[in-house]
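K.L.:
Each residue of the sequence shown is one higher than the last, beginning at 1 in full-length UniProt numbering. A virtual CB, placed ideally from N, CA and C, is assigned to each residue, including glycine. Quick caveat: nothing in here was measured; it's all calculated off a predicted structure.
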Amino acid sequence: MVGEGDIIVAESSEMKRKYIAVEGSSKKMKNTAEPKLEVNDVRITNTEKNAAYTEGLFVNCQSEGQNANEDDDFEHPVIHQSNLMITAPESLVGDDSSSKLKKKKIRRSESNEDILKRLAEIEVKLQSNEEILKRLAEIEAKVESNDIILKRLTGIESKIQSNEEIQNRLAELEMKVQSNIQIEKKIKELEEKVQSNEKILKRVANVESKVNDLKKLKTDDEVTPDAPLKRQKKPAALLQSPWVNQYDSAMGTSTVGTSTVGTTKPCAEGVKHFNEENIMISPCFYFSDIAISSKMWWLELVTTNEALDDTHVDVCFYYLRKLLRYGPGIKINATTTDFAFYSQVRGLYDDFSKDPLVLVKQTSLLSYPIGLYMPCNTSWREVDHVLMPLRMYNSAHWILCHFDIKEMCLNIYNSYTKIVKEPVVLEAVRPFSVMIPYLLFHTGFFEGKNIPEQEALKPLVVKMVPKLPQQKNDGDCGIYVIKYAEYFINEMLKEMPKIFNIAQVRKHLATQLYVYAKRKQVENYDTDNDWVPKGCLTTEKTVIFL
Numbered sequence: 001m002v003g004e005g006d007i008i009v010a011e012s013s014e015m016k017r018k019y020i021a022v023e024g025s026s027k028k029m030k031n032t033a034e035p036k037l038e039v040n041d042v043r044i045t046n047t048e049k050n051a052a053y054t055e056g057l058f059v060n061c062q063s064e065g066q067n068a069n070e071d072d073d074f075e076h077p078v079i080h081q082s083n084l085m086i087t088a089p090e091s092l093v094g095d096d097s098s099s100k101l102k103k104k105k106i107r108r109s110e111s112n113e114d115i116l117k118r119l120a121e122i123e124v125k126l127q128s129n130e131e132i133l134k135r136l137a138e139i140e141a142k143v144e145s146n147d148i149i150l151k152r153l154t155g156i157e158s159k160i161q162s163n164e165e166i167q168n169r170l171a172e173l174e175m176k177v178q179s180n181i182q183i184e185k186k187i188k189e190l191e192e193k194v195q196s197n198e199k200i201l202k203r204v205a206n207v208e209s210k211v212n213d214l215k216k217l218k219t220d221d222e223v224t225p226d227a228p229l230k231r232q233k234k235p236a237a238l239l240q241s242p243w244v245n246q247y248d249s250a251m252g253t254s255t256v257g258t259s260t261v262g263t264t265k266p267c268a269e270g271v272k273h274f275n276e277e278n279i280m281i282s283p284c285f286y287f288s289d290i291a292i293s294s295k296m297w298w299l300e301l302v303t304t305n306e307a308l309d310d311t312h313v314d315v316c317f318y319y320l321r322k323l324l325r326y327g328p329g330i331k332i333n334a335t336t337t338d339f340a341f342y343s344q345v346r347g348l349y350d351d352f353s354k355d356p357l358v359l360v361k362q363t364s365l366l367s368y369p370i371g372l373y374m375p376c377n378t379s380w381r382e383v384d385h386v387l388m389p390l391r392m393y394n395s396a397h398w399i400l401c402h403f404d405i406k407e408m409c410l411n412i413y414n415s416y417t418k419i420v421k422e423p424v425v426l427e428a429v430r431p432f433s434v435m436i437p438y439l440l441f442h443t444g445f446f447e448g449k450n451i452p453e454q455e456a457l458k459p460l461v462v463k464m465v466p467k468l469p470q471q472k473n474d475g476d477c478g479i480y481v482i483k484y485a486e487y488f489i490n491e492m493l494k495e496m497p498k499i500f501n502i503a504q505v506r507k508h509l510a511t512q513l514y515v516y517a518k519r520k521q522v523e524n525y526d527t528d529n530d531w532v533p534k535g536c537l538t539t540e541k542t543v544i545f546l
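(1) So for residue 299, helix, strand or coil by DSSP?
(2) For residue 375 versus residue 313, is the C-beta distance shorter than 8 angstroms?
(3) Taking residue 337 and residue 378 to be in contact with their CB atoms under 8 angstroms, please state how far apart those CB atoms are, rounded to whole angstroms.
(4) Am I right that residue 521 and residue 283 are in contact with their C-beta atoms under 8 angstroms? What's the rounded C-beta distance?
(5) Output the boundary residues of the beta strand (DSSP E) element that contains residue 285.
(6) Does DSSP put residue 291 in a helix, in a strand, or in coil?
(7) Based on Cα-Cα distance, which residue from 366, 278 and 482 lies nearest to residue 320?
(8) Once the 5 residues before and after residue 496 are set aside, which same chain residues still bring their CB inside 7 angstroms of it?
(9) Can you have a look at residue 119 and say buried or exposed, based on whether 16 or more other CB atoms are within 10 angstroms of its CB?
(10) Could you give the DSSP three-state label for residue 431: helix, strand or coil?
(11) In its own chain, which residues sit with a C-beta less than 6 angstroms from the C-beta of residue 81, not counting the 5 before and 5 after it?
(12) Taking only the alpha-carbon atoms, compute the straight-line gap between residue 476 and residue 466 and give it to the nearest angstrom.
(13) Between the region 353-369 and the region 169-177, are three or more C-beta pairs nearer than 8 angstroms?
(14) In whole angstroms, give me the CA-to-CA distance for residue 214 and residue 184.
(15) Roughly how many whole angstroms lie between the Cα atoms of residue 292 and residue 315?
(16) Contact between the region 418-430 and the region 445-458: three or more CB pairs below 8 angstroms?
(17) Short check: CB of residue 489 to CB of residue 330, under 8 angstroms?
(18) Could you pull out every residue in the same chain whose Cβ sits closer than 7 angstroms to the Cβ of residue 360, ignoring the five residues on either side in sequence?
(19) Ignoring anything shorter than 3 residues, give me the beta strand (DSSP E) runs that lie fully in the region 332-418, in order along the chain.
(20) If you drop the 5 nearest sequence neighbours on each side, which residues of the same chain put their C-beta closer than 6 angstroms to that of residue 123?
(21) Taking the beta strand (DSSP E) that residue 420 falls in, what are its first and last residues?
(22) State the start and end residues of the unbroken beta strand (DSSP E) segment that holds residue 462.
(23) Are the beta-carbon atoms of residue 409 and residue 461 separated by less than 8 angstroms?
(24) What's the C-alpha gap between residue 525 and residue 192?
(25) So, using beta-carbon positions, are residue 432 and residue 440 closer together than 8 angstroms?
(26) How long is the line joining the alpha carbons of residue 454 and residue 406, rounded to whole angstroms?
(27) At the level of alpha carbons, what is the spacing between residue 430 and residue 391?
(28) On the DSSP letters alone, give me the boundaries of the alpha helix (DSSP H) that residue 517 sits inside.
(29) Looking at the structure shown, is residue 488 part of a helix, part of a strand, or coil, going by DSSP?
(30) Three-state secondary structure (DSSP) at residue 441?
(31) Kindly indicate which three-state DSSP category residue 114 falls into: helix, strand or coil?
(32) Count the other C-beta atoms from every protein chain shown that fall within 10 angstroms of the C-beta of residue 303, then say buried if there are 16 or more, exposed otherwise.
(33) If you check the beta carbons only, do residue 346 and residue 393 fall under 8 angstroms apart?
(34) Could you spell out the range, first to last residue, of the alpha helix (DSSP H) harbouring residue 471?
(35) Within its chain, find whatever has a CB closer than 6 angstroms to the CB of residue 428; leave out the 5 residues flanking it on each side and keep chain order.
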């Protein structure tokens, strides 16, 4: 509503009209053409056709006789706001201008809605485009990674090709290696045959020398021709005992020996156990290169308190060497020597003390460390232990000397410490302590070990092994030496009994040797071939000693 004093102005380029609404009446101003305004009446002013108009609450009204700045900034009574100007857009004014405006507004609102919809669609598309861009970025990254993978694959393919070439070359090398292995096997077989031939030649030479020695012997015995005798039934060959004999009138014996324990030897000289016609064994038994042809040998072996001679010990230690080489379950690497080794060392020691170079000429003695000269010997470079039976030169007492190659020392096993004291034993062992390092040096044992000559030639340390089973008399030392060696080879030293049943041990030992020798004669086979590889002998033709 238009209040009193409000002014409505219509402006155009040609004319200007002003109305003032007055309570109760209206005063038409100069140059007006509009109808009379009632109180609180508002009307739209008419302007010239095609003229622009402006409606507003605050106008600069300039009437006649009034200052142009008067009545500025008055408050419109309808809206009760000040300093607010609402300006309508300029447009062509006609009679139906309001309807056109409404239509335009409707069209604009509809178009705006369409625009908003399209904008919403565009926003959705933009979002989808962003997702597409992200996926494209991921795809590009994958493509780059695929390029890297392709490069790696090409590298792998080239490596595979090179690997195939390497495999082909390896196959060729394997064929060559296999052929070389076969050649090496043949070479080893030939070497073994050569060694066996050399050993056979040595054994033949030994037999020839013994035959020559036998030819030189002169005997007064006359050989009587065999007379046909009535055949007597005897036990089978394997059941015959060499130390059992029937003493009757037919045997012609005048004195019967008795086995007594004590200072009197059971097999003492002057005691006749067999008559001269029945004392020999024919054919004799062979243990390697040792021939046993006398029954007295068996009687001495089986009789308690009877001292063993060098042949008893050599036969037993020969089979101990075979046990070390062929025995099942033997894990220790060792070998032994024989009585000849002891004799040569002891006999050469005095000259060696004056000039150590005399050892260089002793080819037989130097053959022991390289695995020759002795039947079933093994090179000392291939073992860790050497067991040496020693018979003390100043008595008939046997001791076992164990040469520990890794520790470079001699361990002494003495079964009669009550009588044979340590100083006497040390004096008897001195030649071996001094000469064994020289034997090793002259046979190339220290080559490649970076050991100075002065250090290598030092005498070996001698140690006494304590708490051993001790003999109860003065004749069983040889049996104790054999048992010590047996327990050592089987790695059972800690399980040795405090006392050996010597009678049982002697009978068991004699029985094993006799049955083995007799079986070889009856079945006519030989197991003394040193060149037979380990494990090749059958159980029927292999006797594991002890």
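P.N.:
Reading off the structure:
(1) Position 299 of the sequence shown, counting from 1, holds the residue named residue 299. Correct three-state label for residue 299: helix.
(2) The residue you call residue 375 lines up with position 375 of the sequence shown. The residue you call residue 313 lines up with position 313 of the sequence shown. Against a cut-off of 8 angstroms, the Cβ pair of residue 313 and residue 375 comes out as no contact.
(3) Start at 1 with the first residue of the sequence shown, and residue 337 comes out as number 337. Start at 1 with the first residue of the sequence shown, and residue 378 comes out as number 378. At roughly 11 angstroms, the Cβ-Cβ gap does not stay under 8 angstroms, so residue 337 and residue 378 are not in contact.
(4) Counted from its first residue, the sequence shown places residue 521 at position 521. Counted from its first residue, the sequence shown places residue 283 at position 283. Yes, residue 521 and residue 283 are in contact; Cβ-Cβ is about 7 angstroms, under 8 angstroms.
(5) To locate residue 285, count along the sequence shown from 1; it is residue 285. Its beta strand (DSSP E) spans residues 280-287.
(6) By one-based count along the sequence shown, residue 291 stands at place 291. Three-state result, residue 291: strand.
(7) Position 320 of the sequence shown, counted from the start, is the residue given in the question as residue 320. Nearest of 366, 278 and 482 to residue 320, Cα basis: 482.
(8) The residue given as residue 496 occupies position 496 in the sequence shown. Once the five neighbours on either side are set aside, the close Cβ partners of residue 496 are 469 and 487.
(9) Counting from 1 along the sequence shown, the entry for residue 119 is found at position 119. By the 10 Å Cβ count, residue 119 comes out exposed.
(10) On the sequence shown, residue 431 is found 431 positions in, with the first residue counted as 1. Residue 431: helix per DSSP, three-state reduction.
(11) Indexing the sequence shown from 1 puts residue 81 at position 81. Unreliable placement is indicated for residue 81, whose pLDDT of 41 sits below 50; the coordinate value is still reported in the next sentence. Closer than 6 angstroms at the Cβ level, and outside the excluded window around residue 81, lies no residue.
(12) Looking up residue 476 in the sequence shown gives position 476. Looking up residue 466 in the sequence shown gives position 466. Rounded to the nearest angstrom, the two C-alpha atoms are 19 angstroms apart.
(13) no
(14) In the sequence shown, counting from the first residue as 1, residue 214 sits at position 214. In the sequence shown, counting from the first residue as 1, residue 184 sits at position 184. Low per-residue confidence applies at residue 214: pLDDT is 46, beneath 50, and the placement is therefore not dependable enough to give any value.
(15) Here residue 292 refers to the residue found at position 292 of the sequence shown. Here residue 315 refers to the residue found at position 315 of the sequence shown. Rounded to whole angstroms, residue 292 to residue 315 spans 10 angstroms at the Cα level.
(16) no
(17) Looking up residue 489 in the sequence shown gives position 489. Looking up residue 330 in the sequence shown gives position 330. Yes; because the gap between Cβ atoms is below 8 angstroms, this pair is in contact.
(18) Here the question's residue 360 lines up with position 360 in the sequence shown. Same-chain partners within the cutoff: 442.
(19) 334-336, 385-391, 398-404 and 409-413
(20) Locating residue 123 in the sequence shown gives position 123, counting from the first residue. Excluding residues within five positions, none has a Cβ falling inside 6 angstroms.
(21) Here the question's residue 420 lines up with position 420 in the sequence shown. Run containing residue 420: none; DSSP gives neither H nor E here.
(22) Reading the sequence shown from its first residue, position 462 is the one you call residue 462. It spans 461-464 - the beta strand (DSSP E) in which residue 462 sits, taken as one unbroken run.
(23) One-based indexing of the sequence shown puts residue 409 at position 409. One-based indexing of the sequence shown puts residue 461 at position 461. Against a cut-off of 8 angstroms, the Cβ pair of residue 461 and residue 409 comes out as a contact.
(24) Start at 1 with the first residue of the sequence shown, and residue 525 comes out as number 525. Start at 1 with the first residue of the sequence shown, and residue 192 comes out as number 192. For residue 525 and residue 192, the distance between alpha carbons rounds to 21 angstroms.
(25) What you label residue 432 is simply residue 432 of the sequence shown in a count that begins at 1. What you label residue 440 is simply residue 440 of the sequence shown in a count that begins at 1. No, Cβ-Cβ distance for residue 432 and residue 440 is not below 8 angstroms.
(26) Locating residue 454 in the sequence shown gives position 454, counting from the first residue. Locating residue 406 in the sequence shown gives position 406, counting from the first residue. Residue 454 and residue 406: Cα-Cα distance of roughly 18 angstroms.
(27) Here residue 430 is taken as the residue at index 430 of the sequence shown, counted from 1. Here residue 391 is taken as the residue at index 391 of the sequence shown, counted from 1. Spanning the two alpha carbons is a distance of roughly 13 angstroms.
(28) In the sequence shown, counting from the first residue as 1, residue 517 sits at position 517. Segment 502-523, the alpha helix (DSSP H) holding residue 517.
(29) For the purposes of this step, residue 488 is identified with residue 488 of the sequence shown, where counting begins at 1. Three-state DSSP puts residue 488 in a helix.
(30) Along the sequence shown, read from residue 1 onward, the residue named residue 441 stands at position 441. Helix at residue 441.
(31) For the purposes of this step, residue 114 is taken as residue 114 along the sequence shown, with counting starting at 1. In this structure, residue 114 counts as helix in the three-state DSSP scheme.
(32) Here residue 303 is taken as the residue at index 303 of the sequence shown, counted from 1. With 16 or more other Cβ atoms within 10 Å, it is buried.
(33) Translated into the one-based positions of the sequence shown, residue 346 becomes position 346. Translated into the one-based positions of the sequence shown, residue 393 becomes position 393. Result yes, Cβ atoms of residue 346 and residue 393 sit closer than 8 angstroms.
(34) As a working mapping, residue 471 is identified with position 471 in the sequence shown. No alpha helix (DSSP H) holds residue 471; DSSP gives it neither H nor E.
(35) Residue numbering aside, residue 428 sits at position 428 when the sequence shown is read from its first letter. Answer for residue 428: 392, listed in chain order.
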